[in-house]
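Colleague: Quick one: this structure, given as structure tokens, is what I'll be asking you about.
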Amino acid sequence: MSIVKRNSLFFPSLMNDFISPDWFGGTDKWTNTSMPAVNIKDNTEGFELELAVPGMKKDDFTVEIDNDVLTISSEVKTENEEKEDNYTRKEFSFTSFKRAFTLPETVDGSKIDAKYEDGILRLTLPKKQEALPKPKRMIEIG
Numbered sequence: 001m002s003i004v005k006r007n008s009l010f011f012p013s014l015m016n017d018f019i020s021p022d023w024f025g026g027t028d029k030w031t032n033t034s035m036p037a038v039n040i041k042d043n044t045e046g047f048e049l050e051l052a053v054p055g056m057k058k059d060d061f062t063v064e065i066d067n068d069v070l071t072i073s074s075e076v077k078t079e080n081e082e083k084e085d086n087y088t089r090k091e092f093s094f095t096s097f098k099r100a101f102t103l104p105e106t107v108d109g110s111k112i113d114a115k116y117e118d119g120i121l122r123l124t125l126p127k128k129q130e131a132l133p134k135p136k137r138m139i140e141i142g
């Protein structure tokens, strides 16, 4: 059995937008716009993390391990100033994020590798030798 949520309003999305608690200009709809999406893949050799962070350079990232916690962070500041005869326009922006992941005991923290290309930051977290699956072996019957 599954639970089905029903909305009895005539135009539910229009009514939800109109009655939403952010109607007076708060920032509820913008809360996670700068947090990159993360994919975590578990395979036999290790884990692979993929963060979608387009438009950045590899020097913008900081990847650290402290007490089995992997922390990925970034801070980017930009400033643009134009001076003309009768006006000055100055624009600046600041973008930052920080993601932390607790590493399982099976990960070999000394062999973690990171690469950034095509807007994707990929981290390879290999498993320790004792955590890798053991190959099958035949037992002879005597």
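Going by UniProt numbering, 117 is the number at position 117 of the sequence shown; the sequence numbering is gapless.
Here a beta-carbon is modelled for each residue, glycine too, at the ideal position from N, C-alpha and C.
All figures in this text were calculated on a predicted structure; none of them were measured in a lab.
(1) So, with DSSP's three-state summary, where would you put K90?
(2) Buried or exposed: where does G46 fall if 16 or more other Cβ atoms within 10 Å of its Cβ makes it buried?
(3) How is K57 classed by DSSP in three states: helix, strand or coil?
(4) Cutting at 6 Å between CB atoms, please list the residues of its own chain near I112, excluding the five before and the five after it.
(5) V69: buried (16+ other C-beta within 10 angstroms of its C-beta) or exposed?
(6) Taking 7 Å as the limit between beta carbons, can you name the residues of its chain near P36, skipping five residues before and five after?
(7) Measure the beta-carbon distance from K127 to V107 and round it to whole angstroms, keeping in mind my assumption that it falls under 8 Å.
Modeller: With the structure as the only source:
(1) For this step, residue 90 is matched to residue 90 along the sequence shown. In the structure shown, K90 sits in a strand (DSSP, three-state: E or B).
(2) Numbered from 1 along the sequence shown, position 46 holds the residue referred to as residue 46. Label assigned to G46: buried.
(3) Translated into positions along the sequence shown, residue 57 becomes position 57. If DSSP states are grouped into helix, strand and coil, K57 belongs with coil.
(4) Residue mapping note: residue 112 aligns to position 112 of the sequence shown, counting from 1. Correct list, in chain order: L125.
(5) Within the sequence shown, residue 69 is the residue found at index 69, counting from 1. Exposed is the call here.
(6) Sequence index remark: in the sequence shown, residue 36 carries index 36 (1-based). So the list reads L51, A52, V53 and F97, once near-sequence residues are dropped.
(7) Residue 127 sits at position 127 when you count from the first residue of the sequence shown. Residue 107 sits at position 107 when you count from the first residue of the sequence shown. Indeed they touch by this definition, with Cβ atoms about 6 Å apart.
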